[in-house]
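Notes for the one structure printed next.
Structure representation (structure tokens):
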């Protein structure tokens, strides 16, 4: 029994599968929440890193480059353990879900910083020159001229990372986040039947990634290609 | 325990991580070429199998695949009367290789398709068989184009080996967790471990650069 739902182990695999489906869907909800939370953190943090990396001052840009490289080249699992245990040692106690979302956000911010940087560099030079000619401040140029044109370009690439984050969420089960795979393992541990729950998780994942990819394509098609309207 | 006492057990774990990375990357590279070329085959059955493989392993999570091979496959084997219990190292290498191979297959397919059409026209004009065209025309020009993506995938694979610690394989991440349980000194241990992974990734990146440069000479004239 999990989440107050009991399973049926005595009427064959199909009945078992049907009885655990609602439990797995509970887990899927957590998977989706963690994906969105991790993606949101990565989007914000990634933009911060992208800006820091493009600052002309080496004393600012170099640490940002080294830190993002470090985030990108170390395993999510180890980053997660680091956050989970080390923050606790310094009396920063975060719930497991928050720690997991933060780890996902940190890891993917490094990837997204590169994507943003490419998008920012792809904005035509003339746009910067025009902003300069109109005497816009550097921050106004960035937020009102560069970003609105850079964002639509990077949506497909960012969307791919949304799908990647979704596929990395099961790692969070090691710090007791009850996402889909964690739930499936508990069911397996208690019924000694791993085949059915784990295969169902695989199938549900295929559906989720297909839906998420379709969603990304839909958003990409809806975005204006020349730039976002900004007030 | 002073920090340098951690280095010996962690280095043992790092050696397992290196081996896991090497074997699964080789398996992944083989699968990349088999299924990447298979996806471009004229034979619909080969194409269907390649597409199914790529979609299944790219569409599901690596950890799900790893657990499936380790926990679920033996039960599936029981049902058909086979002993499919895999030792952790086999399950680990298989899951990592199958996963990275699916991503690599898309890289191989993309690079082959990016070879200029006139190359294929020339091959047809010279009466090359399709096998000769593949080995002598497409692959030598496509492989240099694949190398930057393969470099990224190799680093990805190195990072993914940490997940094998979850099926009790004694790699670097596993040793870190063991040491932490024993000493409770999380900060020092995990800092060293992160730096070790970072170091390994930098070495691997450098090695892939060397490989990239050495196959760069196959690059044909580009129009």
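Residue numbers (this note's numbering), protein chains in the order written: chain A, 1 to 231; chain B, 1001 to 1223.
By construction, the Cβ of each residue, glycine as well, lies at the ideal position given by its N, Cα and C atoms.
Keep in mind that this is a model prediction, so the values were computed, not measured.
Bridge-paired residues (DSSP) for residue i
i                   : result
residue 5 (chain A) : A:2
Among the options, nearest to residue i - alpha-carbon criterion
i                      : options                        : result
residue 6 (chain A)    : A:12, A:20, A:14, A:15         : A:20
residue 73 (chain A)   : B:1155, B:1209, B:1107         : B:1155
residue 97 (chain A)   : A:170, A:177, A:129            : A:177
residue 182 (chain A)  : B:1068, B:1193, B:1099         : B:1068
residue 1104 (chain B) : B:1210, B:1166, B:1050         : B:1050
residue 1033 (chain B) : B:1135, B:1120, B:1176         : B:1135
residue 1147 (chain B) : B:1123, B:1107, B:1166, B:1083 : B:1107
residue 1054 (chain B) : B:1024, B:1100, B:1011         : B:1100
residue 76 (chain A)   : B:1182, B:1163, B:1178, B:1201 : B:1163
residue 1007 (chain B) : B:1175, B:1213, B:1202, B:1207 : B:1175
residue 1042 (chain B) : B:1094, B:1211, B:1131         : B:1131
residue 166 (chain A)  : A:115, A:134, A:105            : A:105
residue 200 (chain A)  : A:119, A:158, A:23, A:171      : A:23
residue 1149 (chain B) : B:1190, B:1102, B:1178, B:1017 : B:1102
residue 1171 (chain B) : B:1002, B:1019, B:1027, B:1005 : B:1019
residue 1014 (chain B) : B:1181, B:1165, B:1217         : B:1165
residue 1024 (chain B) : B:1093, B:1083, B:1035, B:1078 : B:1093
Neighbouring residues, chain A, relative to residue i (Cβ below 8 Å)
i                      : result
residue 1075 (chain B) : 193, 194, 195
residue 1097 (chain B) : None at all; the shortest Cβ gap to chain A is about 17 Å.
residue 1159 (chain B) : 73, 74, 75, 76
residue 1197 (chain B) : 73, 74, 75, 78
Chain-ordered neighbours of residue i on chain B, where CB pairs are closer than 8 Å
i                     : result
residue 89 (chain A)  : 1186, 1187
residue 135 (chain A) : The contacting residues do not exist; residue 135 (chain A) stays about 41 Å from chain B at best.
residue 171 (chain A) : 1063, 1163
residue 254 (chain A) : Lying before the first or after the last residue shown, residue 254 (chain A) is absent from chain A, which here runs from 1 to 231.
Cβ separation of residue i and residue j, assumed to be a contact under 8 Å, to the nearest whole Å
i                      : j                      : result
residue 40 (chain A)   : residue 79 (chain A)   : Contact doesn't hold; Cβ gap of about 18 Å is too wide.
residue 1088 (chain B) : residue 1169 (chain B) : 4 Å
residue 1141 (chain B) : residue 1098 (chain B) : Not really, about 27 Å apart at Cβ, beyond 8 Å.
residue 35 (chain A)   : residue 162 (chain A)  : 7 Å
Residue environment, residue i, which counts as buried when at least 16 other CB atoms sit within 10 Å
i                      : result
residue 88 (chain A)   : exposed
residue 190 (chain A)  : exposed
residue 1223 (chain B) : At residue 1223 (chain B) the pLDDT is 44, less than 50, meaning the model places this residue with poor confidence; the figure from the coordinates comes in the next sentence. Label assigned to residue 1223 (chain B): exposed.
residue 90 (chain A)   : exposed
residue 198 (chain A)  : buried
residue 1005 (chain B) : exposed
residue 231 (chain A)  : Note that residue 231 (chain A) scores 48 on pLDDT, short of 50, meaning its location in the model is unreliable and no value can be drawn from it.
Interface residues of chain B facing residue i [CB-CB closer than 9 Å]
i                     : result
residue 116 (chain A) : Here the premise fails: no neighbours, minimum Cβ distance about 18 Å.
residue 38 (chain A)  : None at all; the shortest Cβ gap to chain B is about 14 Å.
residue 250 (chain A) : Coverage of chain A is limited to positions 1 through 231, which leaves residue 250 (chain A) absent and any answer about it impossible.
Under 7 Å by beta carbon: chain A residues contacting residue i
i                      : result
residue 1180 (chain B) : 85
residue 1094 (chain B) : Residues of chain A passing the Cβ test: none, with the nearest at roughly 15 Å.
Contact list for residue i against chain B, beta-carbon separation under 7 Å
i                     : result
residue 205 (chain A) : 1059, 1060, 1061, 1064
residue 209 (chain A) : 1059
Chain-ordered neighbours of residue i on chain A, where CB pairs are closer than 9 Å
i                      : result
residue 1056 (chain B) : 202, 206
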